[in-house]
Every structure is written in C-alpha cells, then in structure tokens.
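**Q** Numbering (our numbering), first residue to last: 160 to 714. The beta carbon of each residue, even a glycine, is placed where N, CA and C say it ideally should be.
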C-alpha cells in the first residue's frame, strides 16, 4: 500500500432475518402508526394550503384524464382561485391528491388515510434499510419505532399537504436501498431502483436534488468506496440526465412564473435563517413546545445547543465516517428552505432529515444484537419511545379543524399576528363578526403592519353595518401594503354601497393592476359600465374576463 492511501474495508453482507420476523416486526410498526394517527381520518382541512389545493381544485383533480397535465402545472395552480403564485413544482404530490379525489372528492377522509399509509410505508422502509446497513433486528426496529412516534412527524402526517415530505422520504429510502445493492455487489435491480426513485424524488419535492451530494457522501464515507463512481461512470451522468430533464420540464411548467432572488439576496436570507438549523436540532432531541407556525427564540436556540451536545455524545460510538454521514444527511435536507425568506421554521421540514438520525441510532453498538436483552441503552430507547408517543398523541388534535389549528398558532410564536388574522376570517365565516373583529384588533395590537388585518377589520365593520368606520381601515391597509388588491377592491365597494360607484372605478382598476386574476373586480367594472351606458368599456372588461376564465379551463 502506498503511503497516505487507505485500503477500503470489505463490506459486510446485509443482515438477514427470517421473513416471518420481518413481517411480524413490520406489522407492529404499521399498527403503531395506525393507533397514533388513525384519529386523523376524521379530521378536516385546516385552511393552510390544503383546502385550496384540494377543495378549490376539484374540477381538475376529479378527472383522472388530467393526470398527464400535473407535470405541466405549478403546484399552487388552483382552478377557481386564479393565483399568480407559481413557484413550486411537485407533480407527484398533485397526482396523489388526484388518486384520493377518486375516492373522496372534496372530502377529507381518503386524503388523511393516504397520509397515514405513506407514513407507515416510510417506517417499514426505514426498518428494512437499517437492517441492510447492518443493524440488529431490535436496533432497527427500535430506531424505526422511535421515528414512527416522533412528535416532529405529526405535521407531515396530520396535515394533508405534509405528504410532500413523506412521499419524498419513500423515494429517498428506496433509492438508498437500491444504492446499497449497487455498491455491495453491483446488482442490476439496485441501479435501476436507485435511479428511478431518484427521478421520482425530484418530481415530488424540490429538496430531492439534495440527494445528489448525499449519495456522494454515503458512497465515500459510509461505504468507503471512493472509486465507485469511477467504476460505473454512467451513473453520475444518469444523475445529471435525470436532473436535467426535471429542470427542463419544471421550467416549462412554471412558464417563467418562478421568482428568483439574486445570489446576494439568497446569501442574506440564508444568514438570517441559519439559526433555524440549530432550532431544528433542538426539536429533534427535545420535541417540546411544537407549533404549526414556529419561530426561533432564545429558548429554542438554547435547546439546540444542548441537543447538538447530546447527539455528539450519543453518536460518537459510531465510526467517525458514519457519524459524519448521519449528521450531514440531517443538515443537507434542511439547507434549501433556509434560502426562502419570510417563512416560519415549519416542523414538517425535519421529516426526511430525521431519517438520518434514525439510521445512525440503529447502528449504535450498544443496541446491537438480534436477541433481546435489557441494557441501559435499550431502557433509554424504550423510555424515549413512550415519552415521544405521549407527546405525539397530545399534538395530533391540533390539526383537527381550522379553528383549533389557527388558535394554536396564536401562542408562543412571532407569527401570532398572522394567526390572529386567520382566526378572524374563520370566525367571520362562522357568523361571529364581533369576535372576528377582536382577533383583527389583537393582530394589530401586536404588529400594526400585519398584512390583511386592517383590510379584514374594515370588511367586518361593513358586515356589522358600521360602514362609516370601515374606510379608514382599508386606507390604512394600503399604507401598509399598497399592492393589496383586496383593499383596493373593498374601497371601491365602499363607494359603490355609498351610492358613488364612479369613485370606486379607479380602485377596481387598481385591484386588477396589482392582481390581474381578481375576478370580482372585473365583475364590478362590467356591471358599472353596463349601467353607465358605456358598452365599449363593458365589452373590453368582459372580453378580458372571458380570456382569463378560458385560460383556467384550458389548464
């Protein structure tokens, strides 16, 4: 051996256990998932993207013939809403909604049931991968069980839209199983499984691209096979081919609607959001004070520091190279969201990263062995499983209905003002305008520039017949957000109701300037010009509206 060179160690054969044992332990894992999350089948939508993407999209989702078109649409392209938000591309998630729609239409049960099934599949695949990587049956089972009951999985499973992470996890785990078969003995099925599921991961969620550096680290550090990609040169080219196809189709589907920040802006956003990474470490080890719209505070950062220490002490028993892979996996999948500005540190983002920690846990020597013996490490694992399970059971009901969901978001988070606004909107729909107004006032008391709070308070006052008090709030909304099309529209409506529709015209036109998809503004202008004997202007706006509606039907 030349000086300075390492000789890769031979890989051990995957741990094999009897099929009956695997089925039995896998069945227990599935049963635990059902017991923990079965209650969510009776839950509703929580009005956080889910109702829009499903109920508002039923015309599209209900027709299976539209399946090929999911690859040509933005994730947030919602029929009937006419939104210009075209920044996400997740066709396989939309396809899964379409399948559910065949069973439950605009209901919720089938969608929630699918989320539970996806979580159970992830847990069983995690169990199988841990075994392939050398874990004993009970270590693999314990790690998979701890992941199954971890409170950080609640948002992914209980929130219908959270399935983008569980679907990504399925394809990521399958790709790792394929990679394991390819690296160990170059099995053809391993290469195919690895590549196909990598491509599927890309079409599930943008974060799937992070699998590329993850593969390199795993092959280099976990398997100690630096020369693997030189031996199968076509594999890296296949990665880039799949990624290239994904990027091209994605660009075509978004049709230029994707908003791209400059490098400097992205770096600044990353720097501002970087503390979220420490908070995620904290919640992985100490999953307490969870929130549907979490912010990062000193307590979260303190727990993060302690958690990093706990993980360091726990994982130091692994070979250094494996420990590096485990921690790198956790960090890599959390990096992409850090360049997205003005979003909470959503807990569903930790779903795929947690898989890395679970794999590391399964490989600890203190948990090794296929015979059950009570040891200190196993006592700790059992205790953690019980505690995490209880915390999960307590957290799941947060996703029961929109009011419960958004009320929970008003506590212990910097995003409380936004949550108060959403609670107010729900109370308006429940015909409780007085309580709705109180929520809007609470939002403004916390943050006077809370988006939509002034506008919604004005609407509530008009609903209560206190029209004369509403106009200042609409005007204040425009001081905060001059591009708020709803506020412009409502000022126009105020003038129309007050008998001065001509004064409302500039505001309806401003609403369309800021949001060309605002159908009610078209309707008001068409009605105004129809009544004011100006057929040319009426026909002009009618033609624009017809073109817009035809575009929606075509998509």
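Going by C-alpha distance, which of 503, 209, 310, 192 is nearest residue 550?
**A** 310
**Q** Using a Cβ-Cβ cut-off of 8 Å (strictly less than) and excluding sequence neighbours within five positions of residue 324, which residues of its own chain qualify?
**A** 315, 364, 507, 508, 510, 511
**Q** Using alpha carbons as the reference points, say which of 292, 458, 605 lies closest to residue 124.
**A** One cannot answer for residue 124 here, as it falls past the ends of the chain, which runs 160 to 714.
**Q** Under the assumption that residue 289 contacts residue 525 (Cβ atoms under 8 Å), give the Cβ distance between them as a whole number of angstroms.
**A** Contact flag wrong, Cβ pair sits at about 15 Å.
**Q** Which same chain residues end up closer than 6 Å to residue 272 when comparing Cβ atoms and leaving out the 5 residues on each side of it in sequence?
**A** 200
**Q** Can you list, in chain order, the stretches of the alpha helix (DSSP H) that have 4 or more residues and sit fully within the region 573 to 618?
**A** Within the region 573 to 618, the complete alpha helix (DSSP H) runs of at least 4 residues are 575 to 588, 592 to 605.
**Q** Between the region 452 to 460 and the region 568 to 584, do three or more beta carbon pairs fall short of 8 Å?
**A** When C-beta atoms of the region 452 to 460 are compared with those of the region 568 to 584, three or more pairs fall below 8 Å, so the two segments count as touching.
**Q** For residue 698, does the count of other Cβ atoms within 10 angstroms reach 16, so buried, or fall short, so exposed?
**A** exposed
**Q** If you reduce the DSSP assignment to three classes, tell me which class residue 351 lands in.
**A** Look at residue 351 here: in three-state DSSP terms it is helix.
**Q** When DSSP labels each residue in this structure, what does residue 462 get in the three-state scheme?
**A** helix
**Q** Quick one: what does DSSP say residue 372 is sitting in, helix, strand or coil?
**A** helix
**Q** Note down the Cα distance separating residue 376 from residue 498, rounded to an integer number of angstroms.
**A** A straight line joining the alpha-carbon of residue 376 with that of residue 498 spans about 22 Å.
**Q** What's the C-alpha gap between residue 534 and residue 476?
**A** Rounded to whole angstroms, residue 534 and residue 476 show a C-alpha spacing of 16 Å.
**Q** In its own chain, which residues sit with a C-beta less than 6 Å from the C-beta of residue 505, not counting the 5 before and 5 after it?
**A** Close CB contacts of residue 505 within its chain, under the 6 Å cut and outside five residues either way in sequence, are absent.
**Q** Do residue 648 and residue 626 come within 8 Å of each other at the CB atom, strictly closer than that value?
**A** no
**Q** According to the neighbour-count rule (16 or more other Cβ atoms, all chains shown, within 10 Å of its Cβ), is residue 561 buried or exposed?
**A** buried
**Q** DSSP state of residue 451, grouped into three classes?
**A** coil
**Q** Rounded to whole angstroms, what is the Cα-Cα separation between residue 687 and residue 661?
**A** Rounded to whole angstroms, the separation of the alpha carbons of residue 661 and residue 687 is 8 Å.
**Q** Measuring CB to CB, does residue 188 end up less than 8 Å from residue 258?
**A** It is not a contact, given that the beta carbons lie outside the stated cut-off.
**Q** Under three-state DSSP, which class holds residue 507?
**A** helix
**Q** Specify the secondary structure class of residue 496 as computed by DSSP and reduced to three states.
**A** helix
**Q** So which of 221, 678, 337, 361 has the shortest CA-CA distance to residue 703?
**A** 678
**Q** Count Cβ pairs between the region 247 to 264 and the region 191 to 210 that sit closer than 8 Å; are there 3 or more?
**A** Taking a cut-off of 8 Å for Cβ pairs, the region 247 to 264 and the region 191 to 210 do not touch, as fewer than three such pairs fall below it.
**Q** Please state whether the Cβ-Cβ distance between residue 644 and residue 612 is less than 8 Å.
**A** no
**Q** So for residue 241, helix, strand or coil by DSSP?
**A** Here the model assigns residue 241 a pLDDT of 42, short of 50, so the residue's position is not dependable and the matter cannot be decided.
**Q** In whole angstroms, what is the alpha-carbon distance linking residue 279 and residue 286?
**A** Straight-line measurement puts the Cα of residue 286 at about 11 Å from the Cα of residue 279.
**Q** Just to confirm before moving on: does the CB-CB distance between residue 330 and residue 356 stay below 8 Å?
**A** yes
**Q** Among residues of its own chain, excluding the 5 on either side of residue 385, which ones have a beta-carbon nearer than 6 Å to its beta-carbon?
**A** These residues qualify, in order along the chain: 379.
**Q** Short of 8 Å in beta carbon distance, which residues of its chain neighbour residue 707, apart from the five on each side in sequence? Order them along the chain.
**A** 241, 675, 676, 678, 681
**Q** Of the residues 470, 471, 472, 442, which one's Cα is nearest the Cα of residue 460?
**A** 442
**Q** Can you tell me the Cα-Cα spacing of residue 230 and residue 236, whole angstroms?
**A** 12 Å
**Q** Within the region 629 to 677, note down every full alpha helix (DSSP H) run reaching 4 residues or more, in order along the chain.
**A** 644 to 656, 660 to 673
**Q** Decide if residue 182 is buried, meaning its Cβ has at least 16 other Cβ atoms within 10 Å, or exposed.
**A** exposed
**Q** My assumption, with CB atoms under 8 Å, is that residue 545 sits in contact with residue 565. Please give the rounded CB distance.
**A** Contact doesn't hold; Cβ gap of about 30 Å is too wide.
**Q** Between residue 225 and the rest of its own chain, which residues show a CB-CB distance below 8 Å, the 5 nearest in sequence each way excluded?
**A** Cβ neighbours of residue 225 beyond the five flanking positions: 219, 257.
**Q** Taking the C-alpha atoms as reference points, what is the distance between residue 593 and residue 423?
**A** 46 Å
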